[in-house]
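A.B. asks: Chains as they are written, first to last, in full-length UniProt numbering: chain S, 1 to 299; chain C, 1 to 282; chain V, 1 to 209.
Cβ coordinates follow ideal geometry from the N, Cα and C atoms, glycine included.
All of these numbers come straight from a predicted model, not from anything done at the bench.
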Amino acid sequence: MSYLTKAGERFRLDLKRIPKHRLPYFEKLQRETQPPFIRPQLEVDLHADGAVPEDPKKLKYLVGDRVLIVKGAKTGNVCKISRHVEHGGYILDENGPSTTVVVPKQFWTEGQRSHVVTFPKPVTEDQIKLITQIEDDVTHETKTVAVENVEFKGTYYDEDYKKEMPYRMVYGDDDLVIPWPRPTPKEDGPLSTEVNTVRERTYFVESVIKDDIPSDALDSIRKKHSKWRRGKLTKTEVKRLTPPEMPLTETKKAYLAEREAKKQQPRALITDEMKAFLGKKVREHEVKVIKQLEELQDL
Amino acid sequence: MITSIQKRALHSSAKCLVRVKPPPLTIRPPIAPTVKNFEVNDDHPLWQFFHDKKYLRSYEDLDNAGRPWTVPELRRKSFDDLHSLWYTCLKERNILAREIQVLQAEIDQPDQQFMAASDRVRETMWRIRHVLSERAHAQQNAREVFEQSEEELLDDFKKYYLDASKDEDADVQDALKRLQLAVFGISEVIDENKVDKHFIKGIKFISNLKLERYSSDHEKYSELTPITDAGEALVIFHAEPTAESLNESIDAVLEMRQNGVSVDRYDEIETIQAYLNKLLEE
Amino acid sequence: MSNRFRSANWLAKNGYAPQVFLFRNLESGQVLYSQLPTFTDYQIKTQFQRPNWQNKRPSLRRDIWRLMAVVDCDTYEGSVKLYENLVQLRSMRDLTLKDVAMRFRPRNKDGNIWYSAQFRPIYTQEAVADLATSIENAQTKSKIHWEDEWRKGEMSNWDGNLVTHESIDRVALQTPKALLEELKEKAKVEFNKLKTVDVEEQQQSQQTV
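#1: Note down the Cα distance separating residue 288(S) from residue 272(S), rounded to an integer number of angstroms.
#2: Within this structure, are the beta carbons of residue 191(V) and residue 17(V) separated by less than 8 Å?
#3: With a 10 Å radius around its C-beta and 16 neighbouring C-beta atoms as the bar for buried, classify residue 261(S) as buried or exposed.
#4: What is the residue span of the alpha helix (DSSP H) that residue 147(S) lies within?
#5: Tell me the rounded alpha-carbon separation between residue 67(V) and residue 32(V).
#6: For residue 250(S), which residues of its own chain have a beta-carbon under 7 Å away from its beta-carbon, when the five flanking residues on both sides are left out?
#7: In terms of alpha-carbon separation, which member of 290(S), 140(S), 189(S) lies closest to residue 68(C)?
#8: What whole-angstrom Cβ distance do residue 96(C) and residue 65(C) have, given they're in contact under 8 Å?
#9: Which residues, taken in chain order from the region 178–210 of chain S, show a beta carbon closer than 9 Å to some beta carbon of chain C?
#10: According to the neighbour-count rule (16 or more other Cβ atoms, all chains shown, within 10 Å of its Cβ), is residue 160(V) buried or exposed?
#11: Per DSSP, residue 167(S) is paired with what?
#12: Considering only the beta carbon of each residue, do residue 90(V) and residue 124(V) sit closer than 8 Å?
#13: What are the start and end residues of the alpha helix (DSSP H) that includes residue 206(V)?
#14: Could you say which of 43(V), 47(V), 194(V), 38(V) lies nearest to residue 70(V) if we only look at CA atoms?
#15: Between which residues of its own chain and residue 83(V) is the CB-CB distance below 7 Å, once the five residues before and five after are set aside?
#16: Helix, strand or coil for residue 165(C), going by three-state DSSP, please let me know.
#17: Along chain S, in chain order, which residues have C-beta atoms closer than 8 Å to that of residue 64(C)?
#18: Is it true that the CB of residue 165(S) sits closer than 8 Å to the CB of residue 178(S)?
#19: In angstroms, rounded to a whole number, what distance separates the CA positions of residue 207(C) and residue 154(C)?
#20: Between the alpha carbons of residue 154(V) and residue 31(C), how many angstroms are there, rounded?
#21: Could you check where the beta strand (DSSP E) with residue 105(S) kicks off and where it finishes?
#22: What does a CB cutoff of less than 7 Å around residue 82(S) pick up in its chain, not counting 5 residues either side in sequence?
#23: Check whether the region 98–105 of chain S touches the region 28–44 of chain S, counting contact only when three or more Cβ pairs, one atom from each stretch, lie closer than 8 Å.
#24: Just to confirm my understanding: we take residue 1(V), look at its own chain, exclude 5 residues before and 5 after, and list those with CB closer than 8 Å. What are they?
#25: Measure the alpha-carbon distance for residue 290(S) versus residue 267(S) and round it to whole angstroms.
#26: How close, in whole Å, do the beta carbons of residue 60(V) and residue 127(V) come, if the pair is a contact with beta carbons under 8 Å?
#27: Using a Cβ-Cβ cut-off of 8 Å, state whether residue 28(C) counts as contacting chain V.
#28: Taking contact to mean at least 3 C-beta pairs separated by less than 8 Å, is the region 121–130 of chain S in contact with the region 146–163 of chain S?
#29: State yes or no: is the C-beta of residue 27(V) within less than 8 Å of the C-beta of residue 118(V)?
#30: Among the residues of its own chain, which have a CB less than 6 Å from the CB of residue 3(C), if the five just before and after it don't count?
#31: Tell me the start and end of each unbroken alpha helix (DSSP H) in the region 101–160 of chain V that is at least 4 residues and wholly inside, in chain order.
#32: Pick from 106(S), 119(S), 67(S): whose alpha carbon is nearest that of residue 181(S)?
#33: Could you name the residues of the region 84–102 of chain V whose beta carbon sits closer than 7 Å to any beta carbon of chain C, in the order they occur along the chain?
#34: Whose CA, out of 91(C), 54(C), 110(C), lies closest to the CA of residue 100(C)?
#35: Counting along the chain, where does the alpha helix (DSSP H) carrying residue 44(S) start and finish?
#36: Can you tell me whether DSSP reads residue 203(S) as helix, strand or coil?
Next comes the structure, spelled out in structure tokens:
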């Protein structure tokens, strides 16, 4: 049941982590192993994240936008965007470019009669230009134009998309805002929860002493014996973190033992007699030194 | 005499006894086993692994429109809500896992759409755990901070409580209720309470506070205070916040002292718990 | 004891009930019919007359044979007739009408009969069909005790006037010897009850005459 857990996910082959010099091998592998009807129509950069982005700024044109084809076989056709595909592709409606491939029988869909199937071919961003309607300054008539490029500034909350959307405007002309196409309304799924139920607040902090979470539940929320908890070290870690003991020679060991034994002995008491004797000796030495110094000065 | 044939003709069971010519002995198509022979209860526990008692859902029946709960949304929900949401998700994931397993037999790999649906549910589930652990850490931290500033907070409250005028009585009582729950964990509902050191500390603090506000002119006030006995504290704690009611409770406490009734400091938790249990039974 | 064909008289005299036993092989799915609650090489020899690579002669290993069904008949003659029919139908499937039998076997879209190693579920399904045919041909009222109700298939395949179905207790199946003994005793009691009823009816009819 490996698909139920994500534990091994990071060990899977991830082309994004493969060094660049090994990429041609995988590209060749894909070219050779994928039959034409599965092979992606766009040029695929294996290192890039090909997933369809959610950010409208990155998508640039959304489903429902009218665009003009400016490159390729169907140049000049006006189409609507019907779908986004991986690696930055747009699938257009029936006026857009298409490709014909041969599909083996086991992959036939219902109602299919022929091996030869026509698929819509995805186009990239540089192959299309957005079409919008603007009012002419002089004649005040609305006319349909293709926009060279668009830019995004500011945001607003869009009721239909139910999220913050940037304003899309003609590049270099902030007054010409091109509204986003209206999305097809989505119906609630069987697992959807009503908005009011979601927004209703049921958790209130009322006490420092009483917890919202029963104490028995805590262990199943966070692993009690997780090794990532602070202050938990495994046996191997302790071993690794402890410095090894220095190997000592027999002589050194004997010396250390002797020193230890000496330390244990009580300190000798110095009597007044001893002190007087020591003082006398020091005095004698000092006198001798002073004498020597005087002799030196005389010289 | 009746002949045997006549006898047979008159007999009621004549029809049953008619000799039936058996069908010839020859092979027929094999009889395949069928699940129709089983009767399954509607409340069979394994039905929980099926959506609407369906063997396999179509792609249209899956929830494709939904999105996982976000962390800010889950932060607003109580533990009970999150707990039930967790089990709703778990059940759905079980159903999906079963369906993926069924499909895997045909296509040799987990079905992408079912996997995506399962992953969406999984997303909600790890977020629930995240929110709860976040909450647990927050509570732990709050408790540590509170231990240092408890004295200061209680002093502030004491000042507010004693300085408030008579018109503000209702507000003051509300504030006291909030405080006893927040600081000492004492709930208004008796059966929600569990007697512990915080509870004992709370009733002592509140009884002293009440006495000081309402009965400081009582002749025996200075003799009585401060209240250190848990039994006495409970009597005053239960009294209504009015001068008469508190004076009555003072009399009761004095009577207790005369009779030598007191709660030992070492058994006060058990004694008060036993008293509360008795109250609940009544 | 089940090393040769047993007549109705012999069964009655030796304390057996009017029963027929069906055992299935766990490895191959083949089914063995027996007049007695045991089986020997005799049954295997008579019922698997032309073995081949996909219908091998099964071994006598007791651990791979499981009880599939027990049929209680109303008379000893009926049970013997039922057994004879079953054996005859088996030889038809294997020998005389083999091409018809092969045509009946359902096939997948590649034209193959489903199997996994030596296991072919079709054998048990054919045995169930043969049991239904045999009972109708023998015209004996019978009660079938099934190991698994699942196996009896659609009820339209069975003659409602002749056959009643019952399922064996799942726990009792774990001790087959005790189970068979219990079923035998029950069948004998049932048979004796039917006999006395018949005798009384006969006496009554004689009195009326």
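C.D. replies: In brief:
#1: The alpha-carbon atoms of residue 288(S) and residue 272(S) are separated by roughly 24 Å.
#2: Cβ atoms of residue 191(V) and residue 17(V): closer than 8 Å.
#3: Under this definition residue 261(S) is an exposed residue.
#4: Premise fails: residue 147(S) lies in the beta strand (DSSP E), 142–147, not in any alpha helix (DSSP H).
#5: Going by C-alpha positions, residue 67(V) is about 10 Å away from residue 32(V).
#6: Excluding residues within five positions, none has a Cβ falling inside 7 Å.
#7: It is 189(S).
#8: That belief does not hold up - the Cβ atoms of residue 96(C) and residue 65(C) are roughly 16 Å apart, past 8 Å.
#9: Under the 9 Å Cβ criterion, the region 178–210 of chain S contributes 186, 187, 188, 189, 190, 191, 192, 193, 198, 199, 200, 201, 202, 203, 204, 205, 206, 207, 208, 209, 210.
#10: Of the residues assessed, residue 160(V) falls on the exposed side of the cut-off, its CB having fewer than 16 other CB atoms within 10 angstroms.
#11: According to DSSP, residue 167(S) bridges with 153(S).
#12: No, these two residues do not count as a Cβ contact at 8 Å.
#13: Bounds of the alpha helix (DSSP H) holding residue 206(V) are 176–208.
#14: Of the candidates 43(V), 47(V), 194(V), 38(V), the one whose C-alpha sits nearest the C-alpha of residue 70(V) is 38(V).
#15: Closer than 7 Å at Cβ, skipping near neighbours: 20, 33, 35.
#16: Correct three-state label for residue 165(C): coil.
#17: Going along chain S in sequence order, the residues near residue 64(C) (Cβ under 8 Å) are 189.
#18: Not closer than 8 Å, so no.
#19: Roughly 14 Å between the two C-alpha positions.
#20: Cα to Cα, the separation comes out at about 8 Å.
#21: Judged by DSSP secondary structure, residue 105(S) falls outside any beta strand (DSSP E); it is assigned neither H nor E.
#22: The residues are 63, 91, 92, 93.
#23: The region 98–105 of chain S is in contact with the region 28–44 of chain S.
#24: The answer, listed in chain order, is 14, 36, 38.
#25: Each residue's Cα considered, the two are about 34 Å apart.
#26: Taking 8 Å as the upper bound for CB-CB distance, residue 60(V) and residue 127(V) are not in contact here, some 18 Å apart.
#27: Yes, residue 28(C) lies at the interface with chain V (some Cβ there is under 8 Å from its Cβ).
#28: At 8 Å Cβ cutoff, the stretches touch.
#29: In this structure, residue 27(V) places its C-beta atom within 8 Å of the C-beta atom of residue 118(V).
#30: Unreliable placement is indicated for residue 3(C), whose pLDDT of 48 sits below 50; the coordinate value is still reported in the next sentence. No residues qualify anywhere along the chain.
#31: Along the region 101–160 of chain V, the alpha helix (DSSP H) occurs as fully enclosed runs of 4 or more residues at 122–138, listed in sequence order.
#32: Looking at the Cα atoms, 67(S) is the closest of the given residues.
#33: Taking a C-beta cut-off of 7 Å against chain C, the contacting residues of the region 84–102 of chain V are 85, 88, 89, 92, 93, 97, 100, 101, listed in chain order.
#34: Among 91(C), 54(C), 110(C), the Cα nearest to that of residue 100(C) is on 110(C).
#35: Element bounds for residue 44(S): n/a, residue is neither H nor E.
#36: Note: residue 203(S) maps to coil in three-state DSSP.
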